[in-house]
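There are 4 protein chains.
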Amino acid sequence: MYFASDNAGPAHPKVLEALVAANTGYAMGYGADPIMEEVRQMVRDMFEAPDAAVYLTATGTAANAILLATLANPWDTIFCAPMAHIQEDECNAPEFYSNAKLTLVPAVDAKMTPDALRAAMLAEQTRGVHGPQRGPVSITQVTEKGTIHTVDEIRALSDVAREFGSKVHLDGARFCNALVALGCTAAEMTWKAGVDVVSFGGTKNGLMGVEACVIFDPKLAWEFELRRKRGGHLFSKHRFLSAQMKAYLTGDLWREMAISANASCTRLAEGLRGHNTAELLYEPQANMIFVNLPRRDHQRLMAAGAVYYTMGGDPATGDPDEMIPARLVTDWSMTNEGVDQFLQILRA
Amino acid sequence: MYFASDNAGPAHPKVLEALVAANTGYAMGYGADPIMEEVRQMVRDMFEAPDAAVYLTATGTAANAILLATLANPWDTIFCAPMAHIQEDECNAPEFYSNAKLTLVPAVDAKMTPDALRAAMLAEQTRGVHGPQRGPVSITQVTEKGTIHTVDEIRALSDVAREFGSKVHLDGARFCNALVALGCTAAEMTWKAGVDVVSFGGTKNGLMGVEACVIFDPKLAWEFELRRKRGGHLFSKHRFLSAQMKAYLTGDLWREMAISANASCTRLAEGLRGHNTAELLYEPQANMIFVNLPRRDHQRLMAAGAVYYTMGGDPATGDPDEMIPARLVTDWSMTNEGVDQFLQILRA
Amino acid sequence: MYFASDNAGPAHPKVLEALVAANTGYAMGYGADPIMEEVRQMVRDMFEAPDAAVYLTATGTAANAILLATLANPWDTIFCAPMAHIQEDECNAPEFYSNAKLTLVPAVDAKMTPDALRAAMLAEQTRGVHGPQRGPVSITQVTEKGTIHTVDEIRALSDVAREFGSKVHLDGARFCNALVALGCTAAEMTWKAGVDVVSFGGTKNGLMGVEACVIFDPKLAWEFELRRKRGGHLFSKHRFLSAQMKAYLTGDLWREMAISANASCTRLAEGLRGHNTAELLYEPQANMIFVNLPRRDHQRLMAAGAVYYTMGGDPATGDPDEMIPARLVTDWSMTNEGVDQFLQILRA
Amino acid sequence: MYFASDNAGPAHPKVLEALVAANTGYAMGYGADPIMEEVRQMVRDMFEAPDAAVYLTATGTAANAILLATLANPWDTIFCAPMAHIQEDECNAPEFYSNAKLTLVPAVDAKMTPDALRAAMLAEQTRGVHGPQRGPVSITQVTEKGTIHTVDEIRALSDVAREFGSKVHLDGARFCNALVALGCTAAEMTWKAGVDVVSFGGTKNGLMGVEACVIFDPKLAWEFELRRKRGGHLFSKHRFLSAQMKAYLTGDLWREMAISANASCTRLAEGLRGHNTAELLYEPQANMIFVNLPRRDHQRLMAAGAVYYTMGGDPATGDPDEMIPARLVTDWSMTNEGVDQFLQILRA
């Protein structure tokens, strides 16, 4: 009953098998390994982007920050939702790498609306050299509240960015969870919808720690490479990143894992919907649920060993009827038994 | 016959076994995994430093840059040898993380001399607020030329740093190769010799990609943690870093691997010494050899499949007698057969 | 009829006389001039702060950015009102100097409320190392909307900052306009109300270009000096900054000029209040008025030579009855004739 | 007898007259003042560069750092002489503004040689993404040792820069002193010799504090403007910078002052050459002399009120015969009497 995060579960066994298989003899370092050759092509194929530059980093924060720095000037402001990971959970990494600032765009269901984005972009740069300049727009897919932008919603935001000459970054830490939920292709969810660069996440979906950075305009590639190295994110024994990503892409393992995570989430959400004290705060669309539960329920769940985060309010002490919001995340390895056990305790 | 780098060889099988073993069930992320608890204690034991703060990063550049940034102010200058990795091979990462600059101190056998360090430190800060201020001293052990500082040499440099109130960083990407060569303890080579923070390398010595950052003064720990996160170097699935480091420390696997790498180097160096066209440029003390060979030898070796870097001069075309310097690095997995084959071709 | 900005008017003739007087013979540079000795003491006297460190910069952006960088770590967030100069009008200078980010705190009448500040400070740092850390609070006095914090309001904000261990910066670009409006002392408006560092503005109040940076805790002084130099803001011929500030402080010239500017504003505001088409957007308390006027009024005023900024909407074309907001700023040199002429044209 | 620095003397009276004349009525700020219109054209005329972008900053460090940041990427290294002002006297300002690092190129008579520059540029970027990339070359004219590059020497360095695709910055803090010494035009000493951007100094040559930044490729202009603002170096009451520079350019006042300063230097140097204990360390070519004098001479001079800097060795105590180097700088306001008095005391 571990719902704290999708980065707390194990890697898929195939990922470790791939590491073991890769661990023979010598291989050139720093991305010049032969497995990376294959990965580059596989990512291009998946995104239907034969010219895309493809790089790997080991953390999502690195992927986001380096990609954004490649798009933003130091005097720019980056537009994102107030609850974006780059705003709340990266300890100023985007600002560190880009020297730009962030402008928080009002969001509905954790998604910037095109009108709010346009208003924010209009408001910037009315002051000439005095204010920050318009930089890239960053969209989080799946959002930090578990909702998903439709392809049309992504396109609508990209269109606004284009009006102002801005580029678009997609923070796809949970890219695959969105992709299987939408049932579209990677190309449809990205460059066909106006996205310029993608953090294509693997860590939250069954890898040990790898994200692919997909840059559709190869003219940006060399700057990305320099920024990655300068940030200390270029791996010498790179084959161990490549091998993970190859396993991810082989036989669409990513799809199998994302479907599994989302299915556990759906099962859990249905159970919660059927429970009288539970109030879903957002419509769960991928593998995350935000739900209000009374303190008494939290106490019973936690006593039984359920692990997850609550936001605001101490679940341990206080009025047993007070509602306390919680985040429940399911990963690929979650079993129906785990979900059912959670629901059973909740209903007890 | 792969002598290009000690980051091109495989990880030790025990490292992969440890990853597989760690890959069960859920574990808290971001360094709160139980394996890291063990690792922290094992590193403290190894360094006889019960209060030390211990962190893991996945690359040596990250370890160096974040540690130096924790010691240096943006208006400081960091003192190092001209051939230091932080000067030549990190694409400005130390400057990026610290905003400080580097002062290159003349070196003999790739080691700063205490007199040269004192002169450099005296020369800085004669200009009050106008010039850079004195920041930390960074010592590379093993040096980038394959030589080793004795414990007394480290202490002599630390003593100079102390005269000026500066802290000392040890870039120990090849820490274990030095340790087994000197036959001293980790404590003797570090805090007992005046070192404040250590990049304790694992990647070049048989891990997939882990370095431990050892900070003897725990008051610096929180700043390090923030800088690591802000740099995108805090791993969510941290147990996979912890597991590697635990395998490294268990049964002194690090020692076994370093001894193996150094032994291959010694065997190779002896063979080169006995060869009439080879001129050793530095006294090989760990697992790296710099050697001058005539072009004809390079051509014969490379044609036979030997892989290594030459510096300056194209080995492929030109006067067959022209001497061209090469770097030969041995890693833990190098076999006697590989070394002997190389020597045999050289002598042919 | 020039109401575009208080930085568009002339310097007071006494300021230029002081420059001429200072322009004799040689003087040590970089702040070691004898006039600065006097200035340092005069500022300390004015602020009743015998230990304060006092420095000069030539621009307000420099004063704000360097002071904030002296208080903030790179992983911090600085709390300010959404319309703060540091947010809107400094092209990321605070972020550039500090590497920190800004958190925008909801404001009423352009003033952060203590409750909103507390809520914002509570919301940060709920994520440990993952989110930005709490940095300093920056209060703008006079606000960018022409309102003034009472001493109690400043203290209430400082008290919230203190709850969280944060320091307080006062952006006093219009410090003197606030001081004469409140009728309090510089000490009462700053350190007695919990302020740690002050940008004490001169440029907008009759100097050519000088702000004093007042740092009540002298332990921060050396860092400020290094940051000022590193930013290129340490003047070699410093006596020409010192002379301006000395003229400002001599015989309370600052007071005379601030009273004059505020009086013109009051005269203008009264005239606007009596005009049927004018809607004051904020209560003018210092030397700035924000007022809605119909386009037809703007056109008449501008045709007659009035100079000022409108916000949103083109005054030149469109519905003559549409209300368009304008900012009117009065400086020390504004005459009653100028004000009356403006009002007369408005009423015509 | 004040030879400490050319930034310690007064501004020319015409400069203050210009300030007084500019101090009437209102003027648009931030460089939109009408005087700046004139200045822009005058600088373009002087440099025979009708398309050049021209900006003003108040300090030379700002001019250098912002110009270099406009040319350099954060992963670059800037090539300069070891005694360059940007290396020794700007407290990391170039690194702060550009995030690049500096590579020190061996110099003869304080001037990089083309061969040394080529060697340094070849040595960089042999490591691909691992090392810093080649950035701009910065030439100091007059050098920090009082020597001057001939136009051919500048061209030779620029040619090397061009070989590697690098741009050239000229730190002309003493631009006019060099210009009158060489007897060439501003165009000949800059863009005709391959220079891309110039810090055209006024502060050390009789202004209160203004440098012009001359950018021959106007495509770089907007980035410069943003960087200047972001650094806090855009003046609101800009007319007071413009007025100084206009006075400087009117009737070639810059020339008159530079000739005066250089003449005093020549007179002083001749006197020193004729003195048996004085050893000139560099051939004085502009307005700076580096000379060895025995301690007894320093003591006699200083006792008589001469003010100047010595380097290394305490002039006050020690062997009276020990030679101690000194720097003697003459500014435009230095009189023959001052020079002769100094020489007389020396000879006494």
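Residue numbers (my numbering), protein chains in the order written: chain Z, 5 to 352; chain D, 5 to 352; chain B, 5 to 352; chain C, 5 to 352. No residue lacks a Cβ here, since even glycine has one placed at the ideal position from N, Cα and C. Remember, predicted model here, so these are calculated numbers, not experimental data.
Through-space distance from residue j to residue i, alpha-carbon basis
i, j, result
"Arg-271 (chain Z)", "Val-343 (chain Z)", "7 Å"
"His-16 (chain D)", "Gly-210 (chain D)", "5 Å"
"Leu-183 (chain Z)", "Ala-114 (chain B)", "44 Å"
"Val-58 (chain C)", "Gly-132 (chain B)", "47 Å"
"Gln-345 (chain D)", "Glu-41 (chain D)", "44 Å"
"Gly-278 (chain C)", "Ala-56 (chain C)", "46 Å"
"Lys-208 (chain Z)", "Thr-144 (chain D)", "36 Å"
"Ala-165 (chain B)", "Asp-200 (chain B)", "11 Å"
"Gly-135 (chain Z)", "Met-50 (chain B)", "33 Å"
"Ala-36 (chain D)", "Pro-110 (chain D)", "43 Å"
"Ile-349 (chain B)", "Asn-296 (chain B)", "16 Å"
"Leu-245 (chain Z)", "Ala-251 (chain Z)", "10 Å"
Beta bridge counterpart(s) of residue i as assigned by DSSP
i, result
"Arg-138 (chain Z)", "Z:Thr-81"
"Ala-15 (chain D)", "DSSP output for Ala-15 (chain D) lists no bridge partner at all."
"Thr-61 (chain Z)", "Z:Glu-215"
"Thr-144 (chain D)", "D:Asp-175"
"Glu-283 (chain C)", "C:Asn-296"
"Phe-168 (chain C)", "Partner(s): none; Phe-168 (chain C) has no beta bridge."
9 Å Cβ cutoff, residue i in contact with chain B
i, result
"Glu-99 (chain Z)", "yes"
"Pro-78 (chain D)", "yes"
"Asn-181 (chain C)", "no"
"Lys-223 (chain Z)", "no"
"Leu-121 (chain Z)", "no"
"Tyr-312 (chain D)", "no"
"Tyr-59 (chain D)", "no"
"Glu-260 (chain Z)", "no"
"Ser-102 (chain C)", "no"
"Thr-63 (chain Z)", "no"
9 Å Cβ cutoff, residue i in contact with chain Z
i, result
"Asn-96 (chain B)", "yes"
"Glu-341 (chain B)", "no"
"Thr-254 (chain B)", "no"
"Ser-9 (chain D)", "yes"
Within-9 Å CB hit, residue i to chain C
i, result
"Leu-72 (chain D)", "no"
"Gly-176 (chain B)", "no"
"Phe-346 (chain B)", "no"
Chain E residues whose Cβ lies nearer than 8 Å to that of residue i
i, result
"Leu-106 (chain B)", "In the structure shown, chain E cannot be found, because the protein chains are Z, D, B and C."
Within-9 Å CB hit, residue i to chain D
i, result
"Asn-68 (chain Z)", "yes"
Exercise for the section: With 7 Å as the C-beta to C-beta threshold (strictly closer), list the residues of the region 127–154 of chain B near chain Z in chain order. Expected result: Arg-131, Val-133, His-134, Gly-135, Pro-136
Problem - Where the region 264–279 of chain C meets chain B: residues whose CB sits under 8 Å from a CB there - result: none
Problem - Contact set between the region 229–240 of chain Z and chain C, restricted to residues whose Cβ is under 9 Å from the partner - result: Taking 9 Å as the cut-off between beta carbons, the residues of the region 229–240 of chain Z near chain C are Glu-229, Leu-230, Arg-231, Arg-232, Lys-233, Arg-234, Leu-238, in sequence order.
Practice task
Can you give me, in chain order, the residues of the region 324–339 of chain D that have a beta carbon less than 7 Å from any beta carbon in chain Z?
Solution key: none
Exercise for the section: Report yes or no: do three or more beta-carbon pairs, one from the region 320–329 of chain D and one from the region 281–301 of chain D, lie closer than 8 Å? Expected result: yes
Handout entry: Residues within the region 194–219 of chain C neighbouring chain B, beta-carbon criterion of under 7 Å
Key = Thr-207, Met-212, Gly-213
Handout entry: Validate contact between the region 67–83 of chain D and the region 218–238 of chain D using beta carbons, cut 8 Å, 3 pairs
Key = yes
Practice task
Could you say if the region 232–250 of chain C and the region 302–321 of chain C meet the contact criterion of at least three C-beta pairs nearer than 8 Å?
Solution key: no
Practice task
Could you run through the region 11–42 of chain D and flag, in chain order, every residue whose CB is less than 7 Å away from some CB of chain Z?
Solution key: Asn-11, Ala-12, Gly-13, Pro-14, Ala-15, Leu-20, Leu-23, Val-24, Asn-27, Thr-28, Gly-29, Tyr-30, Ala-31, Met-32, Gly-33
Problem - Validate contact between the region 99–111 of chain D and the region 109–127 of chain C using beta carbons, cut 8 Å, 3 pairs - result: no
Practice task
Taking a Cβ distance cut-off of 8 Å, strictly less, list which residues of the region 280–300 of chain D are near chain Z, in chain order.
Solution key: Against chain Z - using a Cβ distance shorter than 8 Å - the region 280–300 of chain D contributes no residues.
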